[in-house]
Amino acid sequence: MIADLWSKARQSLLFLSMVIIGLVFAFPLVWIAMSSFKTRVQNFALPPLVIFQPTLENYTGLFQLQNPAFMADYRNSFVIAVGSTVISLVMGCLTAYGFSRHEIKMGGCLFGWILSLRFFPVVAMVIPIYVLFRGLKLLDNHAALIAVYCIFNISFTIWFLKGFFDEIPKSLEEAARLDGYSPFQVFYRVCLPLVRPGIITAAIFCLIQSINEFLLAMSLTARVAETAPVALAKLQTAVGPDWGKMCAVSSLLIVPILIFTILVRNQLIRGMSFGKLK
Amino acid sequence: MATIDLEHLTLYYGRVLAVDDVSLCIADRELCVLLGPTGCGKTSTMRMIAGLETPSTGKVYLDGEVINHLYPGDRDVAMVFQDYALYPHMTVKQHFAFPLQAHKVTKAELEQRVGEVADFLQLSDLLDRYPSELSVGQQQRVAMGRALIRRPKAFLMDEPLGQLDGRTRAEMRASLKRLQQELGTTTIYVTHDQVEAQSLGDKIVVMKTGLIQQVGTPEEIYNDPANLFVAGFIGTPSMNFLECPLHVDGKVGLKNHRFEVALGPSLTQKVKDTPAERPLILGIRPEHIRLSPQDESGDLPAEVYVVESHGNEYVVNLNLGGDVIKVRRDRKKLGFRPEVGQTVWVRFLQDKIHLFDKETGARLV
Chain Z
63 MIADLWSKAR
73 QSLLFLSMVI
83 IGLVFAFPLV
93 WIAMSSFKTR
103 VQNFALPPLV
113 IFQPTLENYT
123 GLFQLQNPAF
133 MADYRNSFVI
143 AVGSTVISLV
153 MGCLTAYGFS
163 RHEIKMGGCL
173 FGWILSLRFF
183 PVVAMVIPIY
193 VLFRGLKLLD
203 NHAALIAVYC
213 IFNISFTIWF
223 LKGFFDEIPK
233 SLEEAARLDG
243 YSPFQVFYRV
253 CLPLVRPGII
263 TAAIFCLIQS
273 INEFLLAMSL
283 TARVAETAPV
293 ALAKLQTAVG
303 PDWGKMCAVS
313 SLLIVPILIF
323 TILVRNQLIR
333 GMSFGKLK
Chain H
11 MATIDLEHLT
21 LYYGRVLAVD
31 DVSLCIADRE
41 LCVLLGPTGC
51 GKTSTMRMIA
61 GLETPSTGKV
71 YLDGEVINHL
81 YPGDRDVAMV
91 FQDYALYPHM
101 TVKQHFAFPL
111 QAHKVTKAEL
121 EQRVGEVADF
131 LQLSDLLDRY
141 PSELSVGQQQ
151 RVAMGRALIR
161 RPKAFLMDEP
171 LGQLDGRTRA
181 EMRASLKRLQ
191 QELGTTTIYV
201 THDQVEAQSL
211 GDKIVVMKTG
221 LIQQVGTPEE
231 IYNDPANLFV
241 AGFIGTPSMN
251 FLECPLHVDG
261 KVGLKNHRFE
271 VALGPSLTQK
281 VKDTPAERPL
291 ILGIRPEHIR
301 LSPQDESGDL
311 PAEVYVVESH
321 GNEYVVNLNL
331 GGDVIKVRRD
341 RKKLGFRPEV
351 GQTVWVRFLQ
361 DKIHLFDKET
371 GARLV
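These protein sequence lines are chains Z and H, in that order.
Start counting the first sequence at 63; every next residue gets the next number (our numbering).
Start counting the second sequence at 11; every next residue gets the next number (our numbering).
What follows is the structure, encoded as structure tokens:
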């Protein structure tokens, strides 16, 4: 009986801990969303307002902005993030598969070098890349920013997905080869479906990384390819930050990612736990 | 028609020699079993036939045509893997359809063949299930079905019954044998289980460390083993081995410091060219040793060490002057129950004695 009580108490404590941790992590997001519906005055109220009359003025104000032209910047962010993510996933999948399935001379060193790109400090490469892109006349260009983001995203994707491909038993591919499928068909019809959780997880990481990136976007873009984080920084007005609009921009950046994550949450959980094949 | 010929096949994994100059002919409709312990090269040999490994040297022929250069999918062979190799993301129906889709079979024909195979293997009610929702026995049948549906020239089976429990294994063995006979498809079957090999195979190829030790029917392998390894590997319990140099002292016999066995006229004739005192090993199967509670002329005394009861048989472990041998006798025919510590008398049936050269392991008689 004492054992039962202790078991129930432990489960309740665990649940309570999970709720608290969840609230702690969710709180910043919730506060940002709430602040986006507050007026300037309401945002500076002390104590902070939890119950208030919401307003859409921050959102409607974004559409009217000329500098930054927020909607254009918002579109740029997603075009560049999605473009970079798609290219990274395609190239990352193929490369990870190659590393997993083939003996490559000095493959370990090569793999380590690829991984090192992920850890390279962005601040150290901003100026060289700027000089390079200026010489190539690639400044303020969507494709150029996608290419730069691919440096980090591809290396991450290769490292992340190699583990997933390693988990696939070789006998599955051998069975498909014996059934008459070409090596690419085996990759496409057998291996890719099995690493789908990994692909989705990698996609989310790449999207978040690309959408959040500020330093390179600020340095390499001006008007045409300017992204939302740069626009966000420009909301620091002479009279101080426009918190309402900044929170509105942040919310608009978070929401699509959040929706995508919720839609693929099962695959994401499997991917995060390096989901076992069954 | 599908004959398979292997000509001087050799396979290296790096510097490790896995298959050493294997040459073999497998006739049409034959069920050939590659038998041997782990690491003997049997699976590697099969994989070379399938095209999953490239031979270092040698050729593989299918119906007289060299197929070394052919992609696995173009060889028209189907393989059942040891771990079944079922795709976790496909249902049973999709598993059956998958090989046919590679060959652009029409939808109508695909549905018909899937239905036929599912009915044959009693999987019709499970077509929408995924492998994780199936029992091990059902998974094994799905793997079989995926091979069957292709109607290949040859089946390659890599220990397909290895994961089943004893009873299911025995049932599946019989089903497999019947299936192969009905279909008449040339089959190569890899196993380390000599009971499985003997019950299934038309021909058994015993392998060790990449080399073929002996090729023959189950009866030939059992009754006339080519060497010590084959003799010891085949049979349950395995053959008893006793070191006994040849001794000639008026009559020919085998004598060591513990006991002496006289050889009858037939065996004496067969060893007449063998030098005296040559180190030999006497081999005798457990069922070819007579056991008696009383001393009869020419019998050897032994102490009962362990008595194992196997259904209607005893397997009696005896201490014969320091060597432990096993005797297998039917309970009723034995007439008495041996007790541990009891002294009994054993006699080797002369026409069942095998003599092996101790140094080479080759069978002399």
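Note that beta-carbon positions come from the ideal geometry of N, C-alpha and C, so glycine has one too.
These numbers come from a predicted model, not from an experiment.
- According to DSSP, residue pairing for residue 213 of chain H in a beta bridge involves H/42.
- If you draw a 10 Å sphere on the C-beta of residue 223 of chain Z, you find 16 or more other C-beta atoms in it, and that means buried.
- Not a single CB atom of chain H sits nearer than 9 Å to the CB of residue 260 of chain Z.
- Counting only Cβ-Cβ distances below 9 Å, residue 236 of chain Z has contacts in chain H at 57, 60, 62, 82, 89, 91 and 95, in chain order.
- Taken atom to atom, the span from the alpha-carbon of residue 157 of chain Z to that of residue 81 of chain H is near 23 Å.
- Counted as a single uninterrupted DSSP element, the stretch harbouring residue 250 of chain H is not any alpha helix (DSSP H) but the beta strand (DSSP E) occupying residues 250-253.
- At least one beta carbon of chain H lies nearer than 9 Å to the beta carbon of residue 243 of chain Z.
- Residues of the segment 96-118 of chain Z with a Cβ closer than 9 Å to any Cβ of chain H: none.
- Contact of residue 233 of chain Z with chain H by beta-carbon distance below 7 Å involves 91, 93 and 95.
- Taking C-beta atoms as the reference points, residue 240 of chain H and residue 52 of chain H fail to come closer than 9 Å.
- Nearest to residue 368 of chain H by alpha-carbon distance, out of H/238, H/231 and H/332, is H/238.
- The straight-line gap separating the alpha-carbon atoms of residue 294 of chain H and residue 312 of chain H is approximately 16 Å.
- DSSP places residue 100 of chain H in no alpha helix (DSSP H); its state is neither H nor E.
- For residue 182 of chain Z, the three-state secondary structure derived from DSSP is coil.
- For a Cβ distance threshold of 7 Å, nothing in chain H lies close to residue 326 of chain Z: the least Cβ distance comes to about 16 Å.
- For residue 185 of chain Z, the nearest beta carbon of chain H is not closer than 9 Å to its own beta carbon.
- Of all alpha-carbon atoms in H/254, H/166 and H/285, the one lying nearest the alpha-carbon of residue 292 of chain H is that of H/254.
- One Cα belongs to residue 306 of chain H, the other to residue 354 of chain H, and the distance between them is close to 10 Å.
- For residue 228 of chain Z, the enclosing alpha helix (DSSP H) starts and ends at 204-229.
- Only 108, 109, 112 and 113 from the segment 100-120 of chain H bring a Cβ to less than 7 Å from some Cβ of chain Z.
- Listed along chain H is no residue with a C-beta nearer than 9 Å to that of residue 141 of chain Z; the closest approach is about 32 Å.
- When DSSP states are grouped into helix, strand and coil, residue 149 of chain H belongs to the helix group.
- Using a 10 angstroms sphere on the CB of residue 372 of chain H, the tally of other CB atoms stays under 16, which defines it as exposed.
- Inside the segment 282-306 of chain Z, DSSP marks whole alpha helix (DSSP H) runs of 4 or more residues at positions 290-295, from first to last along the chain.
- In the DSSP annotation of this structure, the continuous segment of the alpha helix (DSSP H) that includes residue 159 of chain Z starts and ends at 132-163.
- In this structure, residue 142 of chain Z keeps its C-beta atom at 9 Å or more from the C-beta atom of residue 281 of chain Z.
- At a cut-off of 9 Å between beta-carbon atoms, residue 329 of chain Z makes no contact with chain H.
- Per DSSP, reduced to three states, the secondary structure at residue 373 of chain H is strand.
- In terms of beta-carbon proximity, residue 240 of chain Z lines the interface with chain H, with at least one pair separated by less than 9 Å.
- Taking 9 Å as the CB threshold, residue 300 of chain H stays off the interface with chain Z.
- In the structure shown, residue 320 of chain H falls within a strand segment according to DSSP collapsed to helix, strand and coil.
- Flagged as an interface residue toward chain Z: residue 160 of chain H, by a C-beta distance shorter than 9 Å.
- Residue 140 of chain H carries a coil assignment under DSSP once its states are collapsed to helix, strand and coil.
- For residue 338 of chain H, not one C-beta of chain Z is nearer than 9 Å to its own C-beta.
- The closest CA to that of residue 61 of chain H, considering only Z/216, Z/105, Z/241 and Z/124, is found on Z/241.
- Just so you know, the alpha carbons of residue 278 of chain Z and residue 210 of chain Z end up roughly 8 Å apart.
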